[in-house]
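These protein sequence lines are chains A and B, in that order.
Taking this note's numbering, the leading residue of the first sequence gets 5, the next gets one more, and so forth.
Taking this note's numbering, the leading residue of the second sequence gets 1141, the next gets one more, and so forth.
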Amino acid sequence: MIKSDTQKVRNIGISAHIDSGKTTLTERILFYTKRIHAIHEVKGKDGVGATMDSMELERERGITITSAATFCEWKGHEINIIDTPGHVDFTIEVERSLRVLDGAILVLCAVGGVQSQSITVDQQMKRYNVPCIAFVNKCDRSGADPSRVISQLRSKLGHNAVALQIPLGLEMDLQGIVDLVSMKALYFDGDNGEIIRIENIPEDLLDLARKKREELIDAASMFSDELTEAILEEREIPERLILDAVRKGTLKRRMTPVFVGSAYKNKGIQPLLDGVNRLLPCPADVQNEAMDMDNNEAPVILAADTSMPIVALAFKLEDGLYGQLTYIRVYQGNMARGATIINARSGKKIKVGRVVRMHAEQMEEIEAIPAGYIGALFGVECASGDTFVSPGINLTMTSMFVPNPVISLAIAPKDNKAQINMSKALGRFTKEDPTFRTHVDIETGETIIEGMGELHLEVYVERMKREYAAEVSTGAPRVAYRETITQRADFNYTHKKQTGGAGQYGRVAGYLEPVADADFVFENDVRGGNIPTQYIAAVEKGFRQCIAKGPKMEFPVTGVKVVINDGASHAVDSSDMAFQAAARGAFKEGYLRAKPVIHEPIMKVVVETPTEFQGAVMGLLNQRRGMIVGAQDDGPMCVIEAQAPLAEMFGFSTVLRSSSQGKAQFTMEFALYRQVPQSIAETIAEDTARRKKNAA
Amino acid sequence: MFKNDLIVRNPLRRMGSETDDVIPEGGFGAVLAHAGVGKTALLVQLALNAMLRDRNVLHISLNDPVGKVSLWYQELFHHLAKETQVQQIHQLWETILPHRFILTFKAEGFSVPRLEERLTDLMAQDIFHPQMMIMDGLRFDESGRQPLCDLKAMAARRRMRVWFTVNAHRHEQPGPDGLPVQLLHVADLFDIVLELQPQGSEIHIKPLKGSPAAFDGSPLLLDPSTMLIRGNG
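Now the structure itself:
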């Protein structure tokens, strides 16, 4: 039975850089919380494509630890572990899962430290104000240096990172941990480290432990007067006082307590779980807001109260054996079986059917999901990101803003069976991820998929193969170029046709000008009824028709403001049709005078590389028309930040690997649109012309 | 063109220097102040001014990450554009951006040979050819004279103009000619030394070395709210 003491609920995420041991850690957590009964090893990880590898492995082993939310219990607390996709390409997915978290464990590698992706993940947590504790994993590896990682947390991520533990031995010699709060040494005995042996701290570590404890108490005292008093009075300081203060600092995100250990060697996991219980927020500690759709998306604070109307967010869809499983987090009210809810986006009324909770290996039927909890619904028709509410209120958890895709790819099924499966898969993916879109190109008949980056699309193609057995071949990725104008230009166009029957007449005059922060703005400045009011809408429609496909290269037009200030009509021959045609003509006329240019998506590329390859990496970026913003020299490693056109970045990962002996890695996300240089614009024009010819 | 409207009226001109390039190729300039007064802001303005005139600026920071440095530029550029009411600042920003390159080092990891190595990398591959260098956060008291002499030689060889920030310590008495102690042993290497002095709600820019103190009379000021050099009057 689901309890409803939200004080003892933790909805947490485990955020990590690829290969810092997230899978192993999650598995150990499930083992110690008795959700799984044996420990398997994650083998054969080479760091490349590790997320996919580990997903595959998990599936082979029949453990669904990557399911969107896994429930487990630790010392009377109910912990929901929410999967946070590792890669930045999945921005929407990542952000949606961050919405439903109350706290997170930031896993860092004791050898690799804070890497570029940790930085991205951390920024996202910052944006959603997610409190976190850090776990420095892999302390058993050679080159492990947790204190360096802590100083990187401070310098690179700006966290007020404070050690709560220090390792007992390091690298090969890692024996356990020293808990700085209780000032005890913990050893992890038994085959799987399940027996915790508590001893006194070895003599040789005592001085260091005292010093670190002092630092901890010092940092914690910032958040507790009681603790400060105890220090000043030189009293014995109870553990509770320290932990309460650390918790306060953590919840405000002004302190990041750091745990150490090695998931692989079964060391330090149970204390980390204690930390989750003791230091991370419960749902009531976090203020959640919804937007009131009846009131201009004004924020409304939700109360974790089961007697209030329901507000819940569908954050992930999964195809299960018994149909679509919709993972939801209930923020307010009580989502009980048989209740009536409304999908705020579509307005559709839904009756709640089966309500379940996911465990690592099985699911459990429950009666209801109360506020603050995470669970799943069966057979509910919705898309990921939808909000469910009780009838009578009109709130939404997510703003409807979705970025436009920057890259597209033509895909073709290999055979008939693949064709059917492919359309099934596409239907599912587009529902799950609003940044992933698909359409059929009318001119070529090809199925086009669109998304936020090369990897984004690659992963979906891979998933089609694995999950839907849909073998598809892919074309070359195509960049989503855009057109825009660079200067003001006037137009004055008359559309006149008299070829028997009713004539057509409309004149539209005005000007176009560039506008920075909108795709299209229409302004009616016509005085004295030169264009009768009833035709203004038709004029606007005519202009809007033009921006879908620009007159220059047939790319979508953005950043254009159209102002009409004059025109003429005819008592008999003017019609909506005539004015739409006149507007189209006017647009073409003005557009070509307004010096149109092509814009291309520019990606923010961050490469992390050993310093010896810095020059080589900069060279690579430079060859790709990349503009290097800067380089950060960090001793053995360096981070290069650049802006590079998406069109030039295809296959970059391969080149980067081969020119850095596989040691450099990079992340890439969309940054902005920028004008294409003249020479490249010509090439694009030729390509477009060629493609059109082929299609014809 | 908009660029001309924006080019910062060179404050140093008012100190008696006629050309925009106040210091010669291979020359050194320094801005001295207590922490937080606006050294970086002043140098970023000089850098922006150079970028607007199509000069390449290499910004080296020994304290701040790349993101923070680039934020300085963005902020000051926007303030500047707002004050001069230039339109289409976005386009302009895009055109000057390629003239800037940020390199950051951990203070303890910085050395002149290391910088030299980076520069050679950048120039050999034709990635970036700096004409001006901003050196933010070098500790003068610790580094001694030799690194600065090496830098001077490098600047001369590569024909760069180099500006430094110098952190003044409150507890120290200045030397005989008003120069702070940490600059005394290297003062001969510098063509110009400016000091930022907060006085009430104003920040004065005062020349300590290199230009005659007699300029047109009105004090040169930094506006504390925008950190911009105040226009004439």
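A virtual CB, placed ideally from N, CA and C, is assigned to each residue, including glycine.
**Q.** B/LEU1360, enclosing beta strand (DSSP E) - first and last residue
**A.** Start and end: 1360–1362.
Q | Opposing strand residues paired with A/TYR497 [DSSP bridges] | A | A/VAL512
Q.
If you reduce the DSSP assignment to three classes, tell me which class B/PRO1270 lands in.
A. Correct three-state label for B/PRO1270: coil.
(Q) Alpha carbons only, please: which of A/ASP390, A/GLU233, A/LEU247 and A/GLY265 is nearest the one belonging to A/ARG217? (A) Checked all of A/ASP390, A/GLU233, A/LEU247 and A/GLY265; the closest Cα to A/ARG217 is A/LEU247.
Q: List the residues of chain B whose Cβ lies closer than 8 Å to the Cβ of A/ASN626, in chain order.
A: GLN1265, ASP1266 and ILE1267
Q. Would you say A/VAL564 faces chain B, with C-beta separation under 8 Å as the test?
A. Output row for A/VAL564: interface = no.
Q) If you compare alpha carbons, which of B/PRO1253, B/GLY1169 and B/ASP1194 is closest to B/LEU1182? A) B/GLY1169
**Q.** Buried/exposed call for A/MET259, threshold 16 Cβ in 10 Å
**A.** Buried is the call here.
Q) Apart from the five residues just before and just after A/MET297, which ones in its own chain have a Cβ nearer than 8 Å to its Cβ? A) Its chain contains ALA348, ASN398, LEU399 and THR400 as the residues whose beta carbon lies nearer than 8 Å to that of A/MET297, once the 5 sequence neighbours on both sides are disregarded; these appear in chain order.
Q: Check distances from the C-beta atoms of the segment 622–654 of chain A to those of chain E and list, in chain order, the residues that come in under 7 Å.
A: Among the protein chains of the structure shown, namely A and B, there is no chain E.
Q) Less than 7 Å between the CB of A/ALA234 and some heavy atom of the ligand FMN, yes or no? A) For the structure depicted, the ligand FMN is absent and the ligand set is empty, with no information on it obtainable.
**Q.** Best match in B/ILE1345, B/HIS1344, B/ASP1331 and B/LYS1346 for proximity to B/VAL1162 [C-alpha to C-alpha]
**A.** B/ASP1331
Q | Delimiting residues of the alpha helix (DSSP H) encompassing A/ILE424 | A | 420–436
Q | Residues that B/PHE1241 contacts on chain A, provided the C-beta gap is smaller than 9 Å | A | Under a criterion of Cβ atoms nearer than 9 Å, the residues of chain A adjacent to B/PHE1241 are, in order, ILE632, VAL633, GLY634 and ALA635.
Q.
Going by the DSSP bridge assignment, what does A/ALA108 pair with across the sheet?
A. A/GLY17 and A/CYS136
Q: Determine the direct distance from the alpha carbon of B/ARG1285 to that of A/PHE674, and round the result to whole angstroms.
A: Computed Cα separation, rounded: 45 Å.
Q. For B/ARG1258, does the three-state DSSP call read helix, strand or coil?
A. helix
**Q.** Through-space distance from A/MET468 to A/ALA416, alpha-carbon basis
**A.** 12 Å
(Q) Beta-carbon within less than 6 Å of A/ALA620's beta-carbon, same chain only, minus the 5 sequence neighbours each way: which residues are those? (A) SER663
Q: Determine whether the Cβ of B/ASN1372 lies closer than 8 Å to any Cβ atom of chain A.
A: Interpretation of B/ASN1372 is limited by its pLDDT of 49, a score under 50 that renders its predicted location unreliable; the figure taken from the coordinates is listed afterwards. Judged by the 8 Å Cβ criterion, B/ASN1372 is not in contact with chain A.
Q. Can the beta-carbon of A/ASN141 be found less than 8 Å from the beta-carbon of A/SER19?
A. no
(Q) Distance cutoff 8 Å, beta carbons only. Does A/ARG152 sit that close to anything in chain B? (A) No, A/ARG152 lies away from the interface with chain B (no Cβ there is under 8 Å from its Cβ).
Q: Please go through the same chain and pick out, in chain order, the residues whose beta-carbon is closer than 7 Å to the beta-carbon of A/ALA646, but skip the five residues on each side of it.
A: VAL609, LEU625, GLY630, MET631, ILE632 and VAL633
Q. Would you call the CB atoms of A/GLN508 and A/ALA582 closer than 8 Å?
A. yes
Q: Return the bridge partner residues of A/ALA635 from the DSSP annotation.
A: A/ILE644 and B/LEU1243
Q.
Just to confirm before moving on: does the CB-CB distance between B/LYS1179 and B/LEU1291 stay below 8 Å?
A. No, the pair does not count as a contact, with Cβ atoms beyond the cut-off.
Q) Does DSSP classify B/GLU1342 as helix, strand or coil? A) Looking at B/GLU1342 - three-state DSSP - the assignment turns out to be strand.
Q. Along the chain, where does the alpha helix (DSSP H) that runs through B/GLN1214 open and close?
A. 1206–1224
**Q.** Enclosing alpha helix (DSSP H) for A/TYR539 [first to last residue]
**A.** 537–551
**Q.** Per-residue burial, B/HIS1309 [other beta carbons within 10 Å of its own, 16 or more giving buried]
**A.** Exposed, by the Cβ-count rule.
Q: Using DSSP bridges, identify the partner residues of A/THR30.
A: Bridge partners of A/THR30: none, in fact.
Q) Which one or two residues does DSSP pair with B/ARG1301 in a beta bridge? A) B/ARG1301 pairs with B/MET1272.
Q | Cross-chain neighbours of B/THR1180 in chain A, by beta carbon under 9 Å | A | Here the premise fails: no neighbours, minimum Cβ distance about 15 Å.
Q: Name, please, each residue of chain A whose Cβ falls closer than 7 Å to the Cβ of B/GLU1234.
A: ARG678
Q. A/THR400 by DSSP, collapsed to three states: which one?
A. The answer is strand: DSSP assigns A/THR400 an E or B state.
**Q.** A/PHE524 - DSSP class collapsed to helix/strand/coil
**A.** strand
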